[in-house]
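So the sequences go chain by chain: A and B. Each residue of the first sequence is one higher than the one before, counting from 1 in our numbering. Each residue of the second sequence is one higher than the one before, counting from 1 in our numbering. The C-beta atom is built at its ideal place from N, Cα and C for all residues, glycine as well.
There are 2 protein chains.
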Amino acid sequence: MKYQGPPSFLAAVEALSLLPGVGEKTAQRLIFSLMKNPHDKIPTISQALVNLMQNVRHCEICFGYSQDPVCPICLDTGRDQTVVCVVEDPTNVFAIEKSGQYHGLYHVLGGVLAPLDGVGPDQIRIKELLGRFDQRSITEVILATSPNVEGDATAMYISQSLEGRGLQVSRIAQGIPTGGSLEYTDQYTLGRAITDRRQWL
Amino acid sequence: MKYQGPPSFLAAVEALSLLPGVGEKTAQRLIFSLMKNPHDKIPTISQALVNLMQNVRHCEICFGYSQDPVCPICLDTGRDQTVVCVVEDPTNVFAIEKSGQYHGLYHVLGGVLAPLDGVGPDQIRIKELLGRFDQRSITEVILATSPNVEGDATAMYISQSLEGRGLQVSRIAQGIPTGGSLEYTDQYTLGRAITDRRQWL
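Pasting the structure below:
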């Protein structure tokens with residue numbers, strides 16, 4: 001006697017459950033919201049996803065998102081061609097761009113080393129990063145993977161691979177976030193903030 | 001010099017942000033996940049949403065989800081035609097069906113009374129519920145809105161509207177969830193669990 005729901009509803013629940021962090025309950029909630037006014041949002045979302053799939057690819061040089069074979073950042077001769085910022089995923093590029101503090105090139109690894117999940121150096125774009133130093137005038141590398149266990153291990157591995165090439169290698173700063181408070185900062189962050197303190201006057 | 005990202009990427013971020021509870025960061029994370037293997041999941045999700053929009057409508061009788069004008073539950077003559085369970089939204093129907101403990105009919109309100117959000121009795125399907133008693137042999141109404149302030153107020157309003165019709169009106173039980181522990185149960189729930197205790201032996 002149990003009625004599970006109309007087939008197209010069940011298919012939509014299953015499809016939305018393919019998204020990371022979305023389970024059956026969340027998918028049902030999303031669908032309930034969309035169904036309040038289906039012709040309002042569904043065509044927009046559906047078309048945007050298809051356009052995303054058809055138009056967006058990885059830049060051949062930095063592996064960031066691009067609609068052309070080479071992305072506007074790699075093509076921009078006004079940017080500093082001597083420094084490369086290494087990040088985990090393509091959205092990190094837009095986050096750093098938003099800060100307005102960086103005007104060099106990028107390299108997107110497409111992940112971090114995670115041996116337990118079967119992600120070794122060959123599964124992320126480290127070979128491609130090393131290849132970029134042969135052709136180009138790069139003198140500095142900024143390792144901007146996240147300051148957690150896997151991001152640190154990845155940065156360490158890359159910096160070891162870069163040894164002997166005469167490159168300046170740096171790591172993004174760790175410390176208390178802007179607007180943060182000492183009271184609510186964990187001991188490790190606070191320790192790094194003290195150790196890595198900057199000369200001011 | 002800031003580069004926001006390819007247009008189709010930005011459009012996809014904006015489109016996914018239309019979903020409730022999804023902001024710019026979450027949308028970027030979803031897209032990053034989809035882009036790891038775009039041809040794998042995007043056509044499925046996109047098509048499922050379009051099918052949802054085109055095939056799923058509200059049942060003309062109970063206002064639950066259906067692919068036909070009247071849903072299989074309302075059409076099923078094997079179900080108890082004397083009892084109607086009143087719920088907030090269509091996904092509640094499938095949740096109750098899953099329990100396997102109910103074999104009657106449903107009525108989906110499409111929301112709860114929320115005066116502060118401008119949702120009064122005319123914005124949810126109370127008039128349609130009252131209309132069902134004129135034609136049919138219904139003798140019992142189970143009010144299954146959520147046991148929170150708005151759900152309680154809605155149940156109260158409906159039970160007052162039903163007065164004088166000679167109907168048996170009940171409210172779903174409140175108490176400690178199955179598998180729950182007294183230690184972690186709040187005082188109000190515990191109070192209801194004691195007040196509404198059942199004779200056992």
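What's the C-alpha gap between A:D186 and B:V83?
By 1-based counting over the first sequence, the position of residue 186 of chain A is 186. By 1-based counting over the second sequence, the position of residue 83 of chain B is 83. Taking the straight line from one Cα to the other gives about 57 Å.
Any chance you could list the alpha helix (DSSP H) runs of at least 4 consecutive residues sitting entirely within the stretch 43–95 of chain B, in chain order?
The stretch 43–95 of chain B contains these whole alpha helix (DSSP H) runs: 72–75.
Can you tell me where the alpha helix (DSSP H) holding B:R29 begins and where it ends?
Here the question's residue 29 of chain B lines up with position 29 in the second sequence. Run containing B:R29: 24–35, per the alpha helix (DSSP H) assignment.
Alpha carbon of A:S161 to alpha carbon of A:F63, nearest angstrom
Here residue 161 of chain A refers to the residue found at position 161 of the first sequence. Here residue 63 of chain A refers to the residue found at position 63 of the first sequence. If you take the alpha carbons of A:S161 and A:F63, they lie about 20 Å apart.
How many Å lie between B:D134 and B:V87 at the Cα?
In the second sequence, the residue the question calls residue 134 of chain B occupies position 134. In the second sequence, the residue the question calls residue 87 of chain B occupies position 87. Cα to Cα, the separation comes out at about 20 Å.
Name the chain A residues that come within less than 8 Å of B:I150, Cβ to Cβ?
Position 150 of the second sequence holds residue 150 of chain B. It should be pointed out that residue 150 of chain B corresponds to Glu in this sequence rather than to Ile. Chain A residues near B:E150: none, gap ~16 Å exceeds 8 Å.
A:E163 - DSSP class collapsed to helix/strand/coil:
For the purposes of this step, residue 163 of chain A is taken as the residue at position 163 of the first sequence. Reduced to three states, the DSSP call for A:E163 is coil.
Inter-residue Cα distance where the pair is B:A15 and A:K41:
As a position in the second sequence, residue 15 of chain B is number 15, starting the count at 1. As a position in the first sequence, residue 41 of chain A is number 41, starting the count at 1. Straight-line Cα distance between these residues: approximately 8 Å.
Leaving out five residues before and five after B:L105 in sequence, what residues of the same chain have Cβ atoms less than 6 Å from its Cβ?
Taking the first residue of the second sequence as 1, we reach residue 105 of chain B at position 105. The answer, listed in chain order, is V84.
Span of the alpha helix (DSSP H), counted from its first residue to its last, around A:S206
Residue 206 of chain A lies beyond the range of chain A shown here (1 to 201); nothing can be said about it.
Does the count of Cβ pairs from the stretch 112–130 of chain B and the stretch 64–76 of chain B closer than 8 Å reach three?
Contact between the stretch 112–130 of chain B and the stretch 64–76 of chain B is absent, because fewer than three Cβ pairs lie under 8 Å.
So which residues on chain B does A:G50 lean against when the C-beta distance must stay under 8 Å?
Along the first sequence, read from residue 1 onward, the residue named residue 50 of chain A stands at position 50. For clarity, residue 50 of chain A is Val in the given sequence; the question names Gly instead. Ordered by position in chain B, the residues that pass the 8 Å Cβ test against A:V50 are I42, P43, S46.
Between the stretch 69–94 of chain A and chain B, which residues of the former have CB atoms less than 9 Å from a CB of the latter, in chain order?
Cβ contacts with chain B: C71, P72, I73, D76, G78, R79, D89, P90, T91, V93, F94.
For chain B, find out if any of its Cβ atoms is closer than 8 Å to the Cβ of A:G23; answer yes or no.
Walking along the first sequence from the start, residue 23 of chain A turns up at place 23. Closer than 8 Å: no.
Alpha carbon to alpha carbon, how far is A:Q168 from A:V141?
Taking the first residue of the first sequence as 1, we reach residue 168 of chain A at position 168. Taking the first residue of the first sequence as 1, we reach residue 141 of chain A at position 141. About 6 Å.
Please go through the same chain and pick out, in chain order, the residues whose beta-carbon is closer than 7 Å to the beta-carbon of B:D196, but skip the five residues on each side of it.
Against the second sequence, residue 196 of chain B aligns to sequence position 196. Result list for B:D196: A173, Q174, G175, in chain order.
Looking at B:L18 and the ligand ZN, is the gap between the Cβ and the nearest heavy atom below 7 Å?
In the structure shown, the ligand ZN is absent, as is every other ligand, since no ligand is present at all.
If you follow the beta strand (DSSP E) that A:Y3 is part of, which residue opens it and which one closes it?
As a working mapping, residue 3 of chain A is identified with position 3 in the first sequence. Careful: A:Y3 lies outside any beta strand (DSSP E) and carries neither H nor E.
In chain B, what lies closer than 7 Å to A:F63 by C-beta?
Within the first sequence, residue 63 of chain A is the residue found at index 63, counting from 1. Correct list: empty, because the minimum Cβ distance to chain B is about 11 Å.
B:G171, enclosing beta strand (DSSP E) - first and last residue:
Indexing the second sequence from 1 puts residue 171 of chain B at position 171. Sequence inspection shows Arg at residue 171 of chain B; the Gly mentioned does not correspond to that position. Run containing B:R171: 168–171, per the beta strand (DSSP E) assignment.
Which one of A:F94, A:S8, A:A193 has the shortest CA to CA distance from A:S181?
As a working note, residue 181 of chain A is residue 181 in the first sequence. Closest by alpha carbon: A:A193.
Roughly how many whole angstroms lie between the Cα atoms of B:Y188 and B:N148?
Here residue 188 of chain B is taken as the residue at index 188 of the second sequence, counted from 1. Here residue 148 of chain B is taken as the residue at index 148 of the second sequence, counted from 1. If I take the Cα positions, the gap works out to 11 Å.
Quick one: which chain B residues come within Cβ less than 9 Å of A:E97?
What you label residue 97 of chain A is simply residue 97 of the first sequence in a count that begins at 1. In chain order: M1, K2, Y3, Q4, G5.
Just the Cα atoms here: how many angstroms apart are B:S17 and B:I31?
Residue 17 of chain B sits at position 17 when you count from the first residue of the second sequence. Residue 31 of chain B sits at position 31 when you count from the first residue of the second sequence. CA-to-CA, the gap between B:S17 and B:I31 works out to about 11 Å.
Could one say the Cβ of A:G120 lies closer than 8 Å to chain B's Cβ atoms, at least one of them?
Position 120 of the first sequence holds residue 120 of chain A. No, A:G120 lies away from the interface with chain B (no Cβ there is under 8 Å from its Cβ).
In this structure, how does DSSP classify B:V149 when only helix, strand and coil are distinguished?
Counting from 1 along the second sequence, the entry for residue 149 of chain B is found at position 149. Here B:V149 sits in helix by DSSP.
Indicate the three-state DSSP secondary structure (helix, strand or coil) for A:A144 in the structure shown.
As a first step, residue 144 of chain A is located in the first sequence; it is residue number 144 there, counting from the start. A:A144: coil per DSSP, three-state reduction.
Name, please, each residue of chain A whose Cβ falls closer than 9 Å to the Cβ of B:H39.
As a first step, residue 39 of chain B must be located in the second sequence, where it is residue number 39. The contacting residues are M53.
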